[in-house]
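First residue of the sequence shown: 1, per our numbering; consecutive thereafter.
Don't be surprised by glycine CBs; every beta carbon is placed ideally from N, CA and C.
If you're wondering where the values come from, they're calculated on a predicted model, not measured in any experiment.
Inspection log for the structure reproduced underneath, given as structure tokens.
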Amino acid sequence: MTEPSGGIRFIKGIGEQRARALEKLGIFTLYDLVSYFPRDYQDRSAVKTLDAVADGEAACVRALVISSPVLSRVRKGMELVKFRIADSGGAANVTYFNQSYVKNSIKRGETYSFYGKFTKSGGRLEILNPVFEKEGAEGESTGRIVPIYRLTEGISQKVLSRAIAQGLTVAGEELLRETLPPGVRDKYGLIDVKKAYNDIHFPASMAEAEKARERLVFEELFVLACALGSMKLREREKAARRISQVDMDEFYGSLPFALTGAQKRAIGQAVADMASGRAMNRLVQGDVGSGKTVVAAACAWAAFKSGFQTAFMAPTELLADQHHATFIKLLSPLGIKTVLLKGGMTASRRREACGLLESGEAHLAVGTHALLSEGVRFKSLALAITDEQHRFGVRQRAALSEKAERPHVLVMSATPIPRTLALIIYGDLDVSIINELPPGRRKVETYAVGEDMRGRINNFIRRLVGEGRQVYVVCPMIEENEAVDLQSATELYLKLKNEVFPDFKVALLHGKMKAAEKEAAMSSFISGETNILVSTTVIEVGVDVPNAALMVVENAERFGLSQLHQLRGRVGRGAYKSYCVLFKGSGGEAASARLEAMTKLSDGFKIAEEDLKIRGPGDFFGSRQHGLPELKIADLGSSLDVLSWAQAEAEELLSRDPELSGFPALKDRVARLFDAKLS
Ligand code: ADP
Ligand code: MG
């Protein structure tokens with residue numbers, strides 16, 4: 001799309017200084033300007049008479065000035081301008097603070113429109129600092145619906161809305177081309193592009209504003225879906241190493257348990273992808289404890305059978321250690337040699353691991369992002385797996401893929417987000433969902449409690465430990481203040497160890513400990529030697545100790561529901577009846593309601609949806625690490641329906657016209673989206 005020459009600097013009233021201020025709002029081009037949407041509106045369209053105005057109401061009136069404005073200085077530095085107005089319904093006092101220019105702009109005997117907040121006391125009506133426009137010159141700040149924009153210093157609402165109004169006039173055909181196929185617009189009753197841009201800024205009614213918003217939200221999600229969809233199509237075209245379609249029975253037969261149908265389905269899909277000759281790009285999404293690790297192991301085995309290596313990347317050293325042990329258990333009987341690569345290894349062990357990978361003697365590398373470092377080279381890497389994908393950025397995932405010529409990519413996530421959102425975050429991936437837990441899992445009984453229950457919970461801990469079970473106690477972590485968090489975890493640890501449970505073995509685990517200390521703390525818990533593990537959220541994902549039967553969360557109100565669900569997923573992994581206790585430290589009713597919700601919900605997908613409703617998708621979209629473009633008007637949390645319609649339409653369109661050649665305006669917008677993303 002071509003910018004009319006000069007962009008925003010050619011807008012009247014926008015000089016260099018204001019242009020720079022606008023840049024702070026992300027407005028660089030004319031298109032940015034007209035797509036800088038209001039965050040709210042003030043309805044000043046209805047003109048009331050003075051007798052109809054209520055106390056505290058913001059209203060618009062048209063009234064005659066019946067006394068000359070009088071300027072007075074009350075205190076040092078405070079100036080008042082006062083006068084009276086009247087209309088057919090009554091009269092009111094008008095007061096301006098520190099706006100002495102008003103004295104000369106308002107004339108007795110003339111009629112103005114005023115908009116502002118009225119107060120009524122003892123029958124006297126008063127309006128403070130109202131916006132005013134002279135009769136006959138109304139229509140910008142009064143007598144209509146006024147858009148309210150997010151501002152920055154040096155830019156007022158008026159300056160911005162004037163600039164946008166001008167922008168809309170000069171934008172013309174080129175800039176605001178219709179991107180929605182006519183069929184789609186008709187189907188969803190969406191208004192056309194010109195009217196939408198006009199009405200979102202300057203609606204004649206709130207209903208018009210709503211229609212405009214509907215269209216623009218749909219359009220934004222549609223363009224995003226088209227962009228992600230065409231990226232996916234392009235990915236698909238690329239060839240990758242073909243593994244042979246293996247018979248999985250040998251692998252299945254070696255397992256200590258029978259796989260669930262969902263696990264087999266995911267494995268089947270992944271193996272078929274890898275045998276297709278095209279690069280696999282698949283997300284395996286499954287609730288906590290659904291058994292994703294074995295899916296990864298199956299894929300590594302399939303790659304191994306065709307003579308290829310696999311890299312498996314975990315987000316923490318703790319998890320890397322644990323997976324390393326799991327893979328050795330599952331895969332070494334089948335002839336697979338696994339090596340571990342993480343930070344904090346001795347140079348010689350690291351050299352040894354690297355050597356084995358480079359020579360091809362090792363078939364599987366398990367590790368942290370240490371896998372990504374320069375020195376790590378593979379002889380024949382064909383499959384790159386990332387666990388707990390949401391912990392990594394798109395870039396890290398890509399870096400792992402770069403270790404080989406187009407490896408197959410499998411990512412696993414326990415953050416169960418609704419499918420529509422998964423398609424956005426992982427838009428370029430195919431998705432397998434493991435919607436079934438291994439048999440015999442029992443629901444984790446969950447309680448939301450207050451401090452008054454402390455004694456009883458301690459007794460409960462004592463009883464469970466007496467029965468041989470183990471307990472997690474988790475303290476929250478706020479990133480801005482790690483020191484305070486560590487202190488709270490450390491304090492609680494000392495208290496439990498020295499005062500409450502001197503006869504039990506209590507251990508502490510937090511992210512700031514040295515790797516060897518962490519390892520020692522964790523392995524003593526895994527071995528069952530430690531009874532109670534006090535930790536920060538470092539144990540949030542993936543940790544698997546089946547003998548742990550109680551999760552106690554301190555200050556649970558500070559966690560999101562999905563995070564609580566992850567934590568709760570650390571227990572109930574074995575044969576024992578398991579419990580989760582959520583201590584509410586502070587927070588009002590809303591916090592209580594959230595924790596109460598946790599006691600009833602056990603399905604991670606439902607919880608994620610609830611979380612989205614309560615907190616919005618900030619968690620998933622807050623960090624820009626996903627590399628998604630910023631949305632201007634759609635809110636993914638509240639637009640889930642629209643998102644799924646837009647996705648369906650985008651998919652349909654791309655299947656007919658994968659290059660979007662019949663839709664040049666749309667194609668342009670899609671291209672711009674990626675440009676913006678890369679910048
Ligand atoms: P997650 O999906 O959270 O990564 P894991 O892969 O860690 O789950 O599996 C959780 C636990 O369930 C592990 O102890 C694993 O051995 C066990 N498990 C996995 N699949 C099955 C199955 N089909 N039957 C029984 N146990 C299973
Ligand atoms: Mg896992």
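Nearest-angstrom Cα distance between residue i and residue j?
i	j	result
K600	E352	50 angstroms
I682	L50	Missing from the structure shown is residue 682; the chain here goes from 1 to 679 and no further.
G450	A575	29 angstroms
A262	G291	10 angstroms
E436	F605	12 angstroms
F327	G268	19 angstroms
V670	A646	14 angstroms
L640	A556	28 angstroms
F264	G375	Note on identity: in this sequence residue 264 is Lys, with Phe being the wrong assignment. Those two C-alpha atoms are separated by around 36 angstroms.
V74	K24	38 angstroms
M598	L357	45 angstroms
D430	K518	36 angstroms
A240	L612	37 angstroms
L330	F28	56 angstroms
K82	V70	5 angstroms
A296	A303	11 angstroms
L372	I8	44 angstroms
R454	A634	44 angstroms
E55	S121	First, the amino acid is wrong: residue 55 is Asp here, not Glu. If you take the alpha carbons of D55 and S121, they lie about 8 angstroms apart.
S655	L636	24 angstroms
K379	G355	10 angstroms
R463	H565	24 angstroms
R573	Q157	57 angstroms
V534	M412	27 angstroms
A706	T536	Any answer about residue 706 is impossible in this case: the structure gives the chain only from 1 up to 679.
L383	R350	21 angstroms
A46	R144	7 angstroms
H201	E16	24 angstroms
Does residue i come out as helix, strand or coil in the three-state DSSP assignment?
i	result
S359	helix
C580	strand
T293	helix
A692	In the structure as shown, the chain begins at 1 and stops at 679. Residue 692 is therefore absent and cannot be evaluated.
K48	strand
S535	strand
Y472	strand
Y96	strand
A63	strand
G15	coil
A681	Outside the displayed span of the chain (1 to 679) sits residue 681, for which this structure offers no information.
H565	helix
M551	strand
L410	strand
V102	helix
P315	coil
R454	helix
S661	coil
Using CA coordinates, which residue listed in the options is at the minimum distance from residue i?
i	options	result
L255	A298, T490 and R350	A298
P546	G172, T169, E499 and Q470	Q470
D247	T260, V271 and A266	V271
E140	P203, I155, S88 and G172	P203
E499	N458, V473 and H510	N458
E153	V553, A19, V284 and F378	A19
V170	V34, L400 and A665	V34
I461	E491, L550 and I106	L550
D110	A52, D273, R84 and P658	In the sequence under discussion, the amino acid at residue 110 is Glu, which differs from the Asp named in the question. The shortest Cα separation from E110 among A52, D273, R84 and P658 belongs to R84.
S105	Q245, A86, K134 and S578	K134
A515	T179, I11, S359 and L318	L318
(message) Check whether the region 405 to 417 and the region 277 to 287 touch, using three or more Cβ-Cβ pairs below 8 angstroms as the test.
(response) yes
(message) With three or more C-beta pairs closer than 8 angstroms as the rule, is the region 157 to 168 touching the region 56 to 74?
(response) no
(message) Three or more C-beta pairs under 8 angstroms: does that hold for the region 236 to 249 against the region 644 to 660?
(response) no
(request) Spell out a yes or no on whether the region 173 to 187 and the region 77 to 93 are touching, meaning 3 or more CB-CB pairs, one atom from each, closer than 8 angstroms. (result) no
(message) Does the contact criterion of 3 or more C-beta pairs under 8 angstroms hold for the region 187 to 205 versus the region 215 to 226?
(response) yes
(message) Check whether the region 357 to 370 and the region 305 to 313 are in contact - that is, three or more C-beta pairs closer than 8 angstroms.
(response) yes
(message) So, does the region 225 to 232 touch the region 195 to 215, judging by three or more C-beta pairs under 8 angstroms?
(response) no
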